[in-house]
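Reviewing the structure listed below.
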Amino acid sequence: MKKSSPPWFEELKWKLIGIFGKLLVDLLFKTTRIETIDFEKVASIIGSRRFIFAFWHSRILLISFLYQGWNAAILVSQSQDGEFIARTLQRQGHDTFRGSTTRGGLRALSQMIKNLKENRRPAGIIPDGPQGPRFKVQPGIIMLAKKTGLPIVPVTYSASRIKVFNSWDRFILPMPFAGCRIVYGDPVRVPENADPETVSACRLRLEEELCRITTSADRFYGHMIS
Numbered sequence: 544m545k546k547s548s549p550p551w552f553e554e555l556k557w558k559l560i561g562i563f564g565k566l567l568v569d570l571l572f573k574t575t576r577i578e579t580i581d582f583e584k585v586a587s588i589i590g591s592r593r594f595i596f597a598f599w600h601s602r603i604l605l606i607s608f609l610y611q612g613w614n615a616a617i618l619v620s621q622s623q624d625g626e627f628i629a630r631t632l633q634r635q636g637h638d639t640f641r642g643s644t645t646r647g648g649l650r651a652l653s654q655m656i657k658n659l660k661e662n663r664r665p666a667g668i669i670p671d672g673p674q675g676p677r678f679k680v681q682p683g684i685i686m687l688a689k690k691t692g693l694p695i696v697p698v699t700y701s702a703s704r705i706k707v708f709n710s711w712d713r714f715i716l717p718m719p720f721a722g723c724r725i726v727y728g729d730p731v732r733v734p735e736n737a738d739p740e741t742v743s744a745c746r747l748r749l750e751e752e753l754c755r756i757t758t759s760a761d762r763f764y765g766h767m768i769s
């Protein structure tokens, strides 16, 4: 029978993972050339720090790098992969709430709603995480926007040279010294009194906008990621 590690060792291990995760992301993107597209359409919203970022599971790295130190409330799954992400995000200066569609999601969303109503801070949700389906928006982010009144800002990125992993999300890793393009989409607002039909329409609008800007960013560099 395999002996489990003591709690102090596990905590030290995850602390080191967070430290090195942040260091590696910093080193990677400090070598890249970053171009911003359509920021002007969301500049005032982002400047207010009262918004919800929506980005696909495969496109988290550059966004978390650019907005580190913003103390954003970010929903992250309770899986082991989520622990890697959460520890790195925490080192980048964000606050993580742990839950997903299949495990602890409603509790985490309730905590985020309360927190965002009490504090002036942005939020972030990966709407196709933690296990997909890829590029399909789950309803949690729409509920968060409806309950808080915050606009959703779709954002994505691609790079000139990338490694595409053979994972469910087709995660992309930009290569050092690559050119990167971060693209902002049209904001999506969910009315406080939205009925189920309106909620469904908002979810579909967000999904289509995220897919549109992601395809645009990839095609700029000639990528066709299936």
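Just so you know, the sequence shown maps onto residues 544 to 769 in our numbering.
Using N, Cα and C, we set each Cβ at its ideal position, and we do this for glycine too.
All values derive from a computational prediction rather than experimental measurement.
How many Å lie between residue i and residue j at the Cα?
i, j, result
"Met686", "Ile668", "11 Å"
"Pro730", "Pro676", "22 Å"
"Leu716", "Pro734", "36 Å"
"Met544", "Trp557", "Low local confidence applies: a pLDDT of 48 at Met544 is under 50, so the model's placement there is unreliable, with the coordinate-based value given in what follows. About 23 Å."
"Trp711", "Ile606", "20 Å"
"Asp581", "Glu553", "43 Å"
"Thr639", "Asn614", "9 Å"
"Arg630", "Ser620", "12 Å"
"Asn662", "Gln611", "18 Å"
"Asp671", "Asp738", "23 Å"
"Arg704", "Phe763", "12 Å"
"Pro673", "Gly625", "8 Å"
"Phe678", "Ala666", "19 Å"
Determine whether the beta carbon atoms of residue i and residue j lie at a separation below 8 Å.
i, j, result
"Tyr727", "Lys584", "yes"
"Leu652", "Gly642", "yes"
"Thr579", "Pro719", "no"
"Leu493", "Ala597", "One cannot answer for residue 493 here, as it falls past the ends of the chain, which runs 544 to 769."
"Phe714", "Ser622", "no"
Sort the options by Cα distance to residue i and report the nearest one.
i, options, result
"Leu571", "Val733, Ser759, Phe582, Ala702", "Ala702"
"Phe563", "Phe627, Phe714, Thr741, Thr639", "Phe627"
"Ile684", "Ile560, Arg746, Arg593, Lys573", "Arg746"
"Asn658", "Thr691, Asp761, Phe552, Met767", "Thr691"
"Gly722", "Thr639, Arg576, Pro549", "Arg576"
"Gln635", "Glu751, Ile560, Arg732", "Ile560"
"Gly567", "Leu604, Trp599, Pro549", "First, the residue type needs correcting, since residue 567 is Leu and not Gly in the sequence shown. For Leu567, the nearest C-alpha among the options comes from Leu604."
"Ile588", "Lys679, Asp738, Asn709, Arg664", "Arg664"
"Thr741", "Asp569, Lys689, Pro673, Arg713", "Lys689"
"Val696", "Ser591, Pro549, Pro550", "Ser591"
"Glu751", "Ala760, Val680, Arg713, Ile768", "Val680"
Taking DSSP's pairing of strands, which residues face residue i in a bridge?
i, result
"Ile668", "Ala597"
"Ile695", "Ile595, Val731"
"Pro717", "Ile705"
Q) Taking the runs of the beta strand (DSSP E) that are 3 residues or longer, which of them lie wholly in the stretch 558-604? A) DSSP runs (the beta strand (DSSP E)) wholly in the stretch 558-604: 576-580, 595-597.
Q: Only counting runs of 4 or more residues, tell me where the alpha helix (DSSP H) segments fall wholly within the stretch 601-657, in order along the chain.
A: 604-609, 623-634
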